[in-house]
Amino acid sequence: MFKLDSHAALSFPFFVVTSMLVACSAGGRTPDHCTPGAVVACACPGGSSGTQSCDASGVLGTCLGCSGADAGPHRDGGAVRCGDGVCSAGESCASCGGDCGACGGCSVSPGLSCTTPSMCCGDTGHTLQGTCANLQDGSGAICRGLCVADSECTSGCCYGLNDGTGACGAAGLGLAGSPCSSSTCCGGGLSCIGGTCQAECLPAGASCSSTLDCCGDSVCANVYGTGYVCHAHCLHGSDCTSGCCYVLNDGTGACATTLLAPSGAWCDSSACCEGALLCSGGACR
Numbered sequence: 017m018f019k020l021d022s023h024a025a026l027s028f029p030f031f032v033v034t035s036m037l038v039a040c041s042a043g044g045r046t047p048d049h050c051t052p053g054a055v056v057a058c059a060c061p062g063g064s065s066g067t068q069s070c071d072a073s074g075v076l077g078t079c080l081g082c083s084g085a086d087a088g089p090h091r092d093g094g095a096v097r098c099g100d101g102v103c104s105a106g107e108s109c110a111s112c113g114g115d116c117g118a119c120g121g122c123s124v125s126p127g128l129s130c131t132t133p134s135m136c137c138g139d140t141g142h143t144l145q146g147t148c149a150n151l152q153d154g155s156g157a158i159c160r161g162l163c164v165a166d167s168e169c170t171s172g173c174c175y176g177l178n179d180g181t182g183a184c185g186a187a188g189l190g191l192a193g194s195p196c197s198s199s200t201c202c203g204g205g206l207s208c209i210g211g212t213c214q215a216e217c218l219p220a221g222a223s224c225s226s227t228l229d230c231c232g233d234s235v236c237a238n239v240y241g242t243g244y245v246c247h248a249h250c251l252h253g254s255d256c257t258s259g260c261c262y263v264l265n266d267g268t269g270a271c272a273t274t275l276l277a278p279s280g281a282w283c284d285s286s287a288c289c290e291g292a293l294l295c296s297g298g299a300c301r
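For reference, each letter of the sequence shown is one residue, going 17 to 301 in our numbering.
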C-alpha cells in the first residue's frame, strides 16, 4: 500500500481547497474577462484567426485581423460600420478616423461642419492644413483650407479671418473693406482697389456727376470752370501734390492744378493764383 508522508498529507487538501476557491471566483466574472493589456487569439466567422486586445476594464475588444470575406462581426447587415476597428473599403481617415487613423491630425474633410480648427483637413488629399471658418456665405462654420495668399486656394481666393489667418473660399465673398489681390474675390458691385474690396468708383481726374462716383474721400467739383471731375479732398495746400487746395462753395476743399484762383479767391500760395496775381493776406490780389 502506498503511504503519504505527513507533509504530503497536509499539502493535498490545501491544493484542493485552493482550486475550489479559484473556480468559485472565476464563476462570478464575465466570459470575456481578461488581463488588461493582454492580446489573445480569436476565431473569425469564416474560420480564420484574428486577435483581441484586453482593455483597461478587463474586457476583450473586437476580434481584429479577419479578412473581408469573414468579417461578419465588423459589419451591420453587410454594411461598413464606423467604429468596428476595421478600416474597410468605403471608410477613410476623414470619414472614420477611429478605424483608419487620423489624417495628419485632422478628422473632418473640407466643406463639412466643424467646431474647432484642429479637427479640419485642408483639402481632400490632406496636404493643406485646415481651419474652421464661417465666411458669411450661408454655409456656416465649415472646414476650409488655411491660407495666407490667394494662390494657395483652388478658387484663387484667400479671405482674412479675425485671428489674422486666412481661409480658402469661393470667389465673390469679399465684403467692402476686405483685403484682396483680385476683384474676382470681391462681392457684387465691389472691385479690388488698393488692396481692398471697394465699390467701383472713379479715380481723381475722371469726369463725374456726383461725389458718390469718386473713390475714397474724393469730391466731385467744378474748380473755377475746369468742369466736374473727381478731386482729392483737402484742407490745406500741403494736402495736395500741386500745393493748391481750392475752397468750394460748401466750405470743403479740392486739390487741383496751379494758377486757377481768380482775384479775391482764398489762397495759401501765389502758385495757385491765376495770371500775375499774388497770394497776399490769404487771397489772390
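By construction, the Cβ of each residue, glycine as well, lies at the ideal position given by its N, Cα and C atoms.
Close Cβ partners of residue i (< 6 Å) along its chain, the five nearest in sequence each way excluded
{"i": "V56", "result": "Q68"}
{"i": "D227", "result": "The amino acid occupying residue 227 in the given sequence is Thr; Asp does not appear at that position. Contacts found: V235 and C236."}
{"i": "P133", "result": "T147 and C148"}
{"i": "A54", "result": "C70"}
{"i": "L218", "result": "C224, D229, C230 and C246"}
{"i": "G232", "result": "none"}
Own chain residues within Cβ distance below 8 Å of residue i, not counting five before or after
{"i": "A187", "result": "S171, G172, C173, T200 and C201"}
{"i": "L151", "result": "R160, Y175, A183, G185 and L189"}
{"i": "C198", "result": "The sequence as given places Ser at residue 198; Cys does not occur at that position. Closer than 8 Å at the Cβ level, and outside the excluded window around S198, lie D166, G172, C173 and C208."}
{"i": "S225", "result": "C236 and Y244"}
{"i": "C169", "result": "G161, C163, C184 and G185"}
{"i": "G280", "result": "A299, C300 and R301"}
{"i": "L128", "result": "I158 and C159"}
{"i": "P126", "result": "C136, C137, G138, D139, T140, G146, I158, C159, R160 and G161"}
Cβ neighbours of residue i in the same chain (closer than 7 Å, five flanking residues each side left out)
{"i": "D212", "result": "Here the sequence assigns Thr to residue 212, which means Asp is not the residue at that position. Correct list, in chain order: G193, S194, P195 and C196."}
{"i": "C130", "result": "V124, C136, C148, A157, I158 and C159"}
{"i": "P52", "result": "C70, D71, A72 and G74"}
{"i": "G305", "result": "Residue 305 lies beyond the range of the chain shown here (17 to 301); nothing can be said about it."}
{"i": "C283", "result": "A277, C289, C295, G298, A299 and C300"}
{"i": "G291", "result": "none"}
{"i": "G205", "result": "A215 and E216"}
{"i": "T268", "result": "V235 and H249"}
{"i": "C122", "result": "M135, C136, C137, H142 and G146"}
{"i": "L293", "result": "S279, C300 and R301"}
{"i": "Q252", "result": "It should be pointed out that residue 252 corresponds to His in this sequence rather than to Gln. Excluding positions up to five away in sequence, the list reads C261 and D284."}
{"i": "V239", "result": "H247, Y262, A270, A272 and L276"}
{"i": "C256", "result": "A248, C250 and C271"}
{"i": "T181", "result": "T147 and L162"}
{"i": "S286", "result": "L294 and C295"}
Reduced DSSP category for residue i - H, G, I as helix; E, B as strand; rest coil
{"i": "P133", "result": "helix"}
{"i": "G53", "result": "coil"}
{"i": "A287", "result": "helix"}
{"i": "S155", "result": "coil"}
{"i": "G298", "result": "coil"}
{"i": "S167", "result": "helix"}
{"i": "S65", "result": "strand"}
{"i": "G176", "result": "strand"}
{"i": "A39", "result": "Since pLDDT at A39 reaches only 33, below the 50 mark, its modelled position is unreliable, and no value is offered."}
{"i": "G127", "result": "coil"}
{"i": "L293", "result": "coil"}
Extent of the continuous beta strand (DSSP E) to which residue i belongs
{"i": "R160", "result": "I158 to C163"}
{"i": "T147", "result": "G146 to A149"}
{"i": "V75", "result": "Run containing V75: none; DSSP gives neither H nor E here."}
{"i": "A247", "result": "Here residue 247 turns out to be His, not Ala, going by the sequence shown. Here the beta strand (DSSP E) through H247 covers Y244 to H247."}
{"i": "G269", "result": "G269 to C271"}
{"i": "V239", "result": "Per DSSP, V239 belongs to no beta strand (DSSP E) and is neither H nor E."}
{"i": "C261", "result": "C261 to V263"}
Inter-residue CB distance, residue i and residue j (contact presumed, cutoff 8 Å)
{"i": "A277", "j": "C261", "result": "Their Cβ separation, rounded to whole angstroms, is 10 Å, which puts A277 and C261 out of contact at 8 Å."}
{"i": "T274", "j": "S254", "result": "Wrong, their Cβ atoms sit about 14 Å apart, outside the cutoff."}
{"i": "A270", "j": "H247", "result": "4 Å"}
{"i": "A220", "j": "S234", "result": "6 Å"}
{"i": "G138", "j": "L162", "result": "6 Å"}
{"i": "L76", "j": "C50", "result": "5 Å"}
{"i": "L191", "j": "G210", "result": "At roughly 16 Å, the Cβ-Cβ gap does not stay under 8 Å, so L191 and G210 are not in contact."}
### Query
What beta strand (DSSP E) runs, 3 residues minimum, are completely inside the stretch 182-232?
182-184, 206-209 and 212-215
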